[in-house]
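J.:
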Amino acid sequence: MRIGDREIGSDYPVYIIAEMSGNHAGRLDKALEIIRSAKEAGADAIKLQTYRADTITLDAQTPDFLIPADDPWHYKGNLFALYEEAFTPWEWHETLFAEARKIGIEIFSSPFDGTAVDFLENLGCSAYKIASPEITDIPLLKRVAQTGKPVIMSTGLAELADIELAVQTLKDNACISYALLKCTASYPAPPERMQLRTIPDMISRFGCPVGLSDHTLGIGVPVASVALGASIIEKHFMVNKTDESVDSFFSLDAIEFRQMVDAVRMVEKALGSVSYEVPGESVTKFKARRSLYIAMSIRKGEVLTEMHVKSVRPSWGLHPKYYESILGKRVNCDLELGDRLSLDVID
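Everything in the sequence shown is counted per the working numbering, starting at 74 for the first residue and increasing by one.
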């Protein structure tokens with residue numbers, strides 16, 4: 074798939090997305106700072122979330138809408154209050170899109186209903202991200218697919234049948250460019266619940282780019298995902314550790330994000346391609362290998378014994394595979410200690 078000027082897939086550099094989420098803490102200046110800082114930290118894209126509290130939930134106090142006591146956002150009381158604090162004001166979007174485009178970082182968003190899609194279309198949004206809870210919102214998937222834009226879907230709250238239905242919905246509505254993100258919808262997510270080996274299976278099953286939307290602490294898990302074939306990494310981003318917001322407790326700051334980007338780029342280089350060649354200059358790489366040399370002087374016509382031949386470094390002599398077959402054979406010239414053994418000197 075392609076977003077903006079970047080090709081995304083197994084043959085291209087990992088596409089790294091900085092998720093702003095609610096880390097702007099309700100301040101436009103902080104949102105703009107996050108965009109600039111993400112660009113400096115090496116992100117390929119900045120991602121927003123486009124919703125209002127009343128487009129994502131109801132302002133109800135019934136048990137269904139209260140945040141459970143074991144949830145990290147329990148202090149907000151109900152879902153409406155949480156989203157009222159976390160949402161990105163729609164009137165900011167045009168300014169945020171303009172800033173991202175000015176400094177040269179891709180920008181797109183997660184819409185949470187049809188009105189958000191319409192709004193983002195008017196801004197020229199280049200791609201759409203479907204958040205884990207929305208992967209079963211079939212009307213939303215249809216609406217997003219019909220834009221003709223690339224779609225990235227997180228799978229943190231989806232079983233296999235849900236993913237299959239979501240992908241088929243995109244296909245049925247003319248979406249030909251999509252990717253899936255392995256995700257664990259816990260905040261923060263324990264590493265033991267990540268199941269990263271699912272990534273290569275998803276690549277095989279769905280035949281599309283697959284990446285990781287990561288909520289673990291630190292950078293180890295997303296870096297490891299690259300070795301398993303992840304071609305996209307999405308990570309929540311904040312500027313400084315001292316910043317406080319609804320998502321700051323599991324987000325990377327700018328320094329950590331840069332460390333992740335650098336580590337990912339290193340892993341990309343290390344993965345390389347399938348090769349059984351010995352790397353390095355030929356003179357250097359073969360010096361350390363063994364070969365057969367004369368270990369004791371021998372005269373023409375004498376028989377080679379174990380005292381005359383040794384397998385030693387370097388490897389300019391005869392291959393050690395000939396060792397047993399040449400013992401007991403006569404030499405056709407005088408040989409001295411340190412001479413390379415070759416088949417030409419053996420009768």
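Ideal placement from N, C-alpha and C gives every residue a C-beta, glycine not left out.
Does residue 257 pass the burial test, meaning 16 or more other C-beta atoms within 10 Å, or should it be called exposed?
T.: Its Cβ being crowded by 16 or more others within 10 Å, residue 257 is buried.
J.: Figure out for me which residue from 158, 306, 271 has the closest Cα to the Cα of residue 225.
T.: When each option's Cα is compared against that of residue 225, the closest is 306.
J.: Can you give me the C-alpha to C-alpha distance between residue 179 and residue 270, rounded to a whole angstrom?
T.: Straight-line Cα distance between these residues: approximately 29 Å.
J.: Per the DSSP calculation, residue 284 is bridged to which residue(s)?
T.: Per DSSP, 254.
J.: When DSSP labels each residue in this structure, what does residue 184 get in the three-state scheme?
T.: Correct three-state label for residue 184: strand.
J.: What residue from 88, 106, 91, 212 has the CA that sits closest to residue 185's CA?
T.: Out of 88, 106, 91, 212, 212 has the C-alpha closest to the C-alpha of residue 185.
J.: Report the rounded CA-to-CA distance for residue 292 versus residue 399, giving the unit in angstroms.
T.: The alpha-carbon atoms of residue 292 and residue 399 are separated by roughly 56 Å.
J.: What first and last residue would you give for the beta strand (DSSP E) that runs through residue 227?
T.: Taken as a continuous stretch (DSSP letters only), the beta strand (DSSP E) holding residue 227 covers 224–227.
J.: Run through the DSSP bridge pairs and tell me what residue 306 is partnered with.
T.: DSSP output for residue 306 lists 89, 285 as bridge partner(s).
J.: Have a look at 351, 298, 326, 368 and flag the residue whose alpha-carbon is nearest the alpha-carbon of residue 83.
T.: Comparing Cα-Cα distances from residue 83 to each of 351, 298, 326, 368, the minimum goes to 298.
J.: Taking the alpha-carbon of residue 127 as reference, which of 359, 189, 300, 199 has the nearest alpha-carbon?
T.: Considering only alpha carbons, the answer is 189.
J.: Taking the alpha carbon of residue 373 as the reference point, which residue from 402, 342, 303 has its own alpha carbon closest?
T.: Among 402, 342, 303, the Cα nearest to that of residue 373 is on 402.
J.: Short check: CB of residue 253 to CB of residue 236, under 9 Å?
T.: In contact: residue 253 and residue 236 (Cβ atoms closer than 9 Å).
J.: Whole angstroms is fine: what's the gap from residue 45's alpha carbon to residue 154's?
T.: Lying before the first or after the last residue shown, residue 45 is absent from the chain, which here runs from 74 to 420.
J.: Which partner residues of residue 216 appear in the DSSP bridge assignment?
T.: DSSP lists no partner for residue 216.
J.: Is residue 134 helix, strand or coil when you go by DSSP?
T.: Note: residue 134 maps to coil in three-state DSSP.
J.: Would you mind working out which of 197, 319, 395, 177 sits nearest residue 108, comparing C-alpha positions?
T.: Nearest C-alpha to residue 108: 177.
J.: Determine, using beta carbons only, whether residue 384 and residue 363 come nearer to each other than 9 Å.
T.: Yes; because the gap between Cβ atoms is below 9 Å, this pair is in contact.
J.: From residue 158 to residue 91, what distance separates their C-alpha atoms?
T.: If you take the alpha carbons of residue 158 and residue 91, they lie about 20 Å apart.
J.: Quick one, which of 99, 139, 416, 408 has its alpha-carbon nearest residue 395's?
T.: Answer by Cα proximity: 416.
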